[in-house]
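Going by full-length UniProt numbering, the sequence shown opens with residue 1, and the numbers climb by one from there. In this text, a Cβ means the ideal position worked out from N, Cα and C, and glycines have one as well.
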Amino acid sequence: MTWKDRLQDASFRGVPFKVEEESAGTGRRVETHEYPNRDKPYIRREN
């Protein structure tokens, strides 16, 4: 099977295109804040 055979039809807002995979990776946003005279950073997580 060639790479062209693995392409799948997809669309976004009515615009058609081809994709190889249908999954998308997701994750959390993490901000690390470091302050003077502190041993541990403050980590803020957003959903």
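Your pair Ile43 and Thr32 checks out as a contact, with CB atoms roughly 5 Å apart and the cut at 8 Å. Taken through DSSP and simplified to helix, strand or coil, Glu34 comes out as coil. As a beta-bridge residue in DSSP terms, Glu46 pairs with Arg29. In the displayed model, Asp9 falls within a strand according to three-state DSSP.
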